[in-house]
Amino acid sequence: MSLWFLLSTLVWGPGSVLLTVVLLLRLSVCIWCYLWDLQHCSTDLTGKTAVVTGANSGVGKSVSQELAHCGVHMILACCSHERGQQALAQIRAASQSNQLLLGEVDVSSMASIRSFAQWLLREHPEIHLLVNNAAVCGLPTTRTPEGLDVTFATNYIGPFLLTNLLQAAPISRAPFAPVPVSVPALTLLHEDQPPARL
Ligand SMILES: NC(=O)c1ccc[n+]([C@@H]2O[C@H](COP(=O)([O-])OP(=O)(O)OC[C@H]3O[C@@H](n4cnc5c(N)ncnc54)[C@H](OP(=O)(O)O)[C@@H]3O)[C@@H](O)[C@H]2O)c1
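Counting along the sequence shown from 1, when you hit position 57 you're at 57 in the UniProt record's numbering, and nothing is skipped either side.
Take a look at the structure:
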């Protein structure tokens with residue numbers, strides 16, 4: 001009897017401790033996931049304006065959708081009108097936001113960026129957030145009509161120029177936060193400035 005009692009204690013004791021630990025871990029993962037689900041994000045960004053480049057697919061589309069969900073006035077900066085319109089309709093349906101606008105820009109073209117920035121600052125002088133997301137990778141070495149390597153132009157020079165044109169605009173009085181996605185090193189450009197708070 002005492003041997004049986006000893007054996008069952010040896011099995012059930014550690015077993016129930018292990019089960020409790022597993023259940024607690026599972027519970028904390030559920031709480032963590034709930035808190036990090038942007039659908040439960042209570043931050044209200046109504047009145048803010050954001051520009052996301054490459055907003056028609058992947059990371060850019062998801063970011064645009066979540067920002068639109070939080071009430072941000074979104075400018076989807078895409079290089080293809082057709083793909084941009086398609087994404088805009090999908091983001092509008094998913095986020096229930098009617099504050100979405102399509103802007104056309106080819107971030108590998110400095111001329112396109114300059115005219116986009118001009119249009120942007122004329123139509124929306126208060127830009128709070130710029131997400132430099134558009135990027136390419138794995139392309140063969142080719143030159144743009146402006147003589148730049150297409151990958152370098154798209155991933156580095158384009159975002160650099162767009163950020164600086166928007167940041168340096170004298171009419172933009174809003175606190176401005178550039179977010180580098182394609183090139184994390186771009187943050188170094190702004191290290192002398194404290195990050196703007198939205
Ligand atoms: N996915 C990952 O695992 C990963 C990991 C680390 C970093 N990232 C970074 O996250 C960002 C997005 O990645 P992703 O996976 O979402 O890429 P993706 O699905 O290929 O999307 C890239 C977006 O950039 C746009 N784009 C490309 N060239 C452009 C140009 N010249 N002008 C304007 N838009 C242009 C594309 O438009 P079109 O569709 O019209 O071509 C597309 O909307 C990139 O900066 C990437 O470096 C991604």
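Ideal Cβ positions, reconstructed from N, Cα and C, are used throughout, including at glycine.
No experiment lies behind these values; they were computed from the predicted model shown.
Taking a C-beta distance under 8 Å as the contact criterion, leucine 100 and methionine 74 qualify as a contact pair. At a cut-off of 3 residues, the continuous stretches assigned as beta strand (DSSP E) that sit fully inside the stretch 57-94 are 73-78. With respect to glutamate 66, glycine 84 sits apart: the two C-beta atoms are not nearer than 8 Å. Per DSSP, reduced to three states, the secondary structure at leucine 121 is helical.
In the three-state reduction of the DSSP assignment, leucine 139 falls in the coil class. Within 7 Å of the C-beta of threonine 154 there is at least one heavy atom belonging to ligand 1. With contacts defined as CB atoms closer than 8 Å, arginine 114 and leucine 165 qualify as a contacting pair.
Beta-bridge partners assigned by DSSP to valine 131: Val52, Val179. Counting only residues of its own chain and dropping the five nearest sequence neighbours on each side, leucine 139 has a CB closer than 7 Å to the CB of Val150, Thr151. Not one heavy atom of ligand 1 is found less than 7 Å from the C-beta of glycine 147.
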